[in-house]
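Peer 1: The sequence shown begins at 27 in the working numbering and counts up by one.
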Amino acid sequence: MSVLLSQQSMSQRVSTLAMSFTCLVSLGALSFSSVYAEDGQTESNQEKTSDVKKGSSENTDSLWAIQPNDTLGSAGFVNFDQGSTPPRFNWERLDRDRSSDKVFIEHHGYFRFRADLMNNFDLNTYDVANRRGTSQYLPPLTDREGSNQKDSDSLSSANLRFRYEPTLHATERFRVHAVMDIPDNLVLGSMPDGGPLSINQRPDALFDGMSGTQTPIDGALRLRHVWGVWENDLARIDFGRMRHHWGLGLMANGGACLDCDFGDSVDRVQVTTQLFDLYLSLSWDFVAEGPSGFGVIDQVMGQSWDWDQRDDVDQYSLSIGNRAISPKELAQQREKLKAGKSAFEWGFYGILRNQQNAGAYLDLESAQASPETPDPAEGGYTLYPARLEMFIPDLYLSWKIQPTPKTEYSLKFEAVGTFGDLNHVPLASFAAQDALACEDPSLPVEQCPESLRYQPRERSINAWGYAMEFDAKNGNVRYGLHHGGATGDDQSGFFGGSDYLPQGALANPNSYDPNLNGFRFDRDYIVDMILFREVLGGVHNALYFKPYFGYEVPKGLDSVWGIKASAIYGMAMNPEYTAGGESGLGLELDLEAYLLQTNRFRASAAYGILFPMGGLNLRANNQIVKQAETAQTFQLNMGIMF
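1. Sort out for me which residues DSSP pairs HIS195 with in a bridge.
2. Once the 5 residues before and after PHE312 are set aside, which same chain residues still bring their CB inside 6 Å of it?
3. So what does DSSP say about LEU562, is it helix, strand or coil?
4. On the three-state DSSP scale, how would you describe LEU167?
5. Just reading off the beta strand (DSSP E) that PRO429 is part of, what are its end residues?
6. Might you give, ordered along the chain, the residues of its own chain that have their beta carbon closer than 7 Å to the beta carbon of GLN623, omitting 5 neighbours on each side?
7. What is the DSSP secondary structure of VAL471, counted as helix, strand or coil?
8. Which residues in the same chain have their Cβ closer than 6 Å to the Cβ of VAL651, if we skip the five residues on either side of it in sequence?
9. Give me whichever residues DSSP pairs with GLU614 in a beta bridge.
10. Who are ILE377's beta bridge partners in DSSP?
11. On a CA-only basis, which of ALA657, ASN663, GLY665 is nearest ASP179? Give me that one, please.
12. Is LEU542 closer than 7 Å to ILE487 when the C-beta atoms are compared?
13. With a threshold of 8 Å, are at least 3 pairs of Cβ atoms found where one atom belongs to the segment 505-515 and the other to the segment 457-472?
14. Can you look up GLN67 in the DSSP assignment and give me helix, strand or coil?
15. GLN296 and ASP340: beta carbons closer than 7 Å?
16. The alpha helix (DSSP H) with LYS367 in it runs from where to where?
17. Are GLY373 and GLY347 closer than 7 Å when you measure CB to CB?
18. Quick check: what's the CA-CA separation for MET667 versus LEU448?
19. Considering only DSSP beta bridges, list what MET217 is partnered with.
20. Using the C-alpha atoms, what's the distance from GLU191 back to LEU214?
21. According to DSSP, simplified to helix, strand and coil, what is GLN653?
22. Quick check: the Cα distance between LYS354 and GLU361, rounded to an integer number of angstroms?
23. Check the C-beta distance from LEU164 over to ASP153 and give it rounded, since I have them as a contact under 8 Å.
24. Pull up the distance between the alpha-carbon of THR408 and that of GLY446, whole angstroms please.
25. What separation, rounded to the nearest whole angstrom, lies between the Cα atoms of ALA246 and PRO218?
26. According to DSSP, is ALA441 part of a helix, a strand, or is it coil?
27. Nearest-angstrom Cα distance between SER477 and THR151?
28. Along the chain, where does the beta strand (DSSP E) containing HIS251 start, and where does it finish?
29. Evaluate the contact criterion for the segment 562-580 versus the segment 592-599: three or more CB pairs, one atom per stretch, below 8 Å.
30. If the criterion is Cβ atoms closer than 7 Å, does the pair GLY273 and TYR422 meet it?
31. Quick check on DSSP: helix, strand or coil for LYS581?
32. Looking only at DSSP bridge pairs, what is HIS508 linked to?
33. If you follow the beta strand (DSSP E) that THR298 is part of, which residue opens it and which one closes it?
34. Any idea which residues DSSP pairs THR433 with across the strands?
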């Protein structure tokens, strides 16, 4: 199959890009002119910008380092021949007040400290000889290597994170947001200046016990998000790498909670507008562009670019809903609840994703063994015809009511699905397979019954999950029920069948299962302390039921002391896909005591114990070889928020 673009489609893309470039440049000139007209601090600046607004050619042209071609607008495209030079905006000619009082920075974030004691998180199911178990946690280092030292069951650690979320307000209409961690989950005591494992070992500190300090952290800043916002009378435009969150956070979770570890990002350009009482958003996303970098000559320190368009993953999204977003709408909702009325919100989020070709660096022999793959380019980079089409719908519902000032009820629900087709798994091991195969390897395809035939290169995607949260408050008493579920697959990765395919369903080219049915909750959607968060790495192929009860004692206007007890039971949606081949996963009991000062400080001490069930036992050759045993944890958390 040819993956080359036709000359006609290429010329159309060039024309489209040229027209877009022309519009953006023109819009940039007018936008910056209007911005500095609003922010102008001197009469001369105001006069200059007002002339630009009126269309004065004298002042407009002064902002261009290279004068725009008069025929540029009428031609509809930019001529990139050597005799024509595209217009370039002269940023140096913009007159601005260096000490404008309209520019300010809004500071937000938190500092977090966590200390954990984890006992038997590997469930005593780890097989040293085969290096596998039923928990994503491994035993302590010496125990897992199979040494003759004493067995150890406990791990303990402390870590910290400083998250900084500044917002730079250039004007009332323009903002720049950023989210960074400095550092991110730094393990305390991990950088001593002495000992055999120290990077910067002192010659007089031969072992860890002689360390005198912790070495400074190099490259500690982790920039997670940075994006710009432009608000005007018609719409709000967000552009950059931004936090990706929707609903409860099952599919897209921004990781903004005090105890979160990850946080989803999306590279996108998004336009949001309000139609009557509905918010409508459209976006163009950059999911994956493939290899990128510089040219060979004269661009070592310049702008890098995507090296090939044919391996890109294209994504477009639409969201629509009735939600309280602006400060005015949130205030109106609070007044409505105080009056004893209910507040209902809903939203739909849809994502379309496609990828025609996928690229990979492969050795020449593997690439040549793939009949459906073009010859690899120099360096072993090969394009595979993937032809992936995916649709991800996500529905979110929320209902709240306050019958009395001390009574409150809320119900939230989210359901998400992933549906699509993958015509060719873009791996050499799959591309080398025949187009048709038989589940019975002893039969040729020609003699194979129709019911046993399958297409080893293709996969069908059909996965879904949902969650419901009911929360109630009656005076100082809090209680509720949380419930959710996610589909599973026999080759869904870590928590798969007895063979344990770490890379998931795409790791086994000999599988005749054409379906990808496994859905996994986002890891920052936290439902417990041990079972799903630590042992299984998220809700997957499971149903869970979590009732809880709590009591809070107010201390002052914005502080409370509280205690919360919860129990969570997990069971497999498809027992045959569990490690132990049984439905029950485990019963976990959690207890937490906490002090909360609203938006300023939170400290807590929590204890959890997991009683694992048959689904977490270790099997080999359809026989149980290790029984899962009890796991426990004790955690201390403190966070300062601002």
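Yeah, the Cβ is synthetic: ideal placement off N, Cα and C, and Gly gets one too. Note that the structure is predicted; figures quoted are calculated from it, not measured.
Peer 2: According to the structure data:
1. On the sequence shown, residue 195 is found 169 positions in, with the first residue counted as 1. HIS195 pairs with PHE130, ARG201.
2. Here residue 312 corresponds to residue number 286 of the sequence shown, with the count starting at 1. Beyond the five residues adjoining it in sequence on each side, PHE312 comes within less than 6 Å, by CB distance, of ASP293 in the same chain, given in chain order.
3. For the purposes of this step, residue 562 is taken as residue 536 along the sequence shown, with counting starting at 1. Shown here, LEU562 sits in coil according to DSSP, grouped into three states, outside any helix or strand.
4. Counting from 1 along the sequence shown, the entry for residue 167 is found at position 141. LEU167: helix per DSSP, three-state reduction.
5. Walking along the sequence shown from the start, residue 429 turns up at place 403. Segment 407-430, the beta strand (DSSP E) holding PRO429.
6. On the sequence shown, position 597 is the one that residue 623 refers to. If we look at GLN623 and ignore the five residues flanking it on each side, its Cβ neighbours are ASP584, SER585.
7. For the purposes of this step, residue 471 is taken as the residue at position 445 of the sequence shown. DSSP places VAL471 in helix when its eight states are reduced to three.
8. Sequence index remark: in the sequence shown, residue 651 carries index 625 (1-based). Hits under 6 Å: LEU644.
9. Looking up residue 614 in the sequence shown gives position 588. By DSSP's assignment, GLU614 forms a beta bridge with ILE594, LEU636.
10. If you number the sequence shown from 1, residue 377 lands on position 351. Secondary-structure assignment with DSSP links ILE377 through a beta bridge to SER343, ILE418.
11. Start at 1 with the first residue of the sequence shown, and residue 179 comes out as number 153. Shortest Cα-Cα distance from ASP179 to any of ALA657, ASN663, GLY665 involves ALA657.
12. Within the sequence shown, the letter at position 461 stands for residue 487. Within the sequence shown, the letter at position 516 stands for residue 542. Yes, they are a contact pair.
13. The segment 505-515 vs the segment 457-472: no contact.
14. Locating residue 67 in the sequence shown gives position 41, counting from the first residue. Confidence is the limiting factor: at GLN67 the pLDDT is only 41, short of 50, which leaves the residue's position unreliable and the question unanswerable from this model.
15. For the purposes of this step, residue 296 is identified with residue 270 of the sequence shown, where counting begins at 1. For the purposes of this step, residue 340 is identified with residue 314 of the sequence shown, where counting begins at 1. For GLN296 and ASP340, no; Cβs fall outside 7 Å.
16. Indexing the sequence shown from 1 puts residue 367 at position 341. Element bounds for LYS367: n/a, residue is neither H nor E.
17. On the sequence shown, residue 373 is found 347 positions in, with the first residue counted as 1. On the sequence shown, residue 347 is found 321 positions in, with the first residue counted as 1. A contact, by the Cβ cut-off of 7 Å.
18. As a first step, residue 667 must be located in the sequence shown, where it is residue number 641. As a first step, residue 448 must be located in the sequence shown, where it is residue number 422. Straight-line measurement puts the Cα of LEU448 at about 45 Å from the Cα of MET667.
19. As a working mapping, residue 217 is identified with position 191 in the sequence shown. Per DSSP, none; premise fails for MET217.
20. In the sequence shown, the residue the question calls residue 214 occupies position 188. In the sequence shown, the residue the question calls residue 191 occupies position 165. Within the model, the alpha-carbon separation for LEU214 versus GLU191 is close to 23 Å.
21. By one-based count along the sequence shown, residue 653 stands at place 627. In this structure, DSSP gives GLN653 a state outside helix and strand, which the three-state scheme calls coil.
22. The sequence position of residue 354 within the sequence shown is 328, counting from 1. The sequence position of residue 361 within the sequence shown is 335, counting from 1. If you take the alpha carbons of LYS354 and GLU361, they lie about 11 Å apart.
23. Indexing the sequence shown from 1 puts residue 164 at position 138. Indexing the sequence shown from 1 puts residue 153 at position 127. By a beta-carbon distance limit of 8 Å, LEU164 does not contact ASP153. Their separation comes to about 11 Å.
24. Along the sequence shown, read from residue 1 onward, the residue named residue 408 stands at position 382. Along the sequence shown, read from residue 1 onward, the residue named residue 446 stands at position 420. So the two alpha carbons sit approximately 24 Å from each other.
25. Numbered from 1 along the sequence shown, position 220 holds the residue referred to as residue 246. Numbered from 1 along the sequence shown, position 192 holds the residue referred to as residue 218. Cα-Cα distance, rounded: 16 Å.
26. Numbered from its first residue, the sequence shown carries residue 441 at position 415. ALA441 falls in the strand class under three-state DSSP.
27. Counting from 1 along the sequence shown, the entry for residue 477 is found at position 451. Counting from 1 along the sequence shown, the entry for residue 151 is found at position 125. When rounded, the distance between both Cα atoms is 38 Å.
28. The residue labelled residue 251 in the question sits at position 225 within the sequence shown. Where HIS251 is concerned, the enclosing beta strand (DSSP E) stretches over 248-257.
29. Verdict: yes, contact present.
30. Walking along the sequence shown from the start, residue 273 turns up at place 247. Walking along the sequence shown from the start, residue 422 turns up at place 396. Contact flag set, yes.
31. Here residue 581 refers to the residue found at position 555 when the sequence shown is read from its first residue. Under the three-state reduction of DSSP output, LYS581 falls in the coil class, being neither helix nor strand.
32. Against the sequence shown, residue 508 aligns to sequence position 482. GLU495, LYS572, per the DSSP bridge assignment.
33. As a first step, residue 298 must be located in the sequence shown, where it is residue number 272. Looking at the DSSP string, the run of the beta strand (DSSP E) that includes THR298 is 291-301.
34. In the sequence shown, the residue the question calls residue 433 occupies position 407. THR430, ASN500, per the DSSP bridge assignment.
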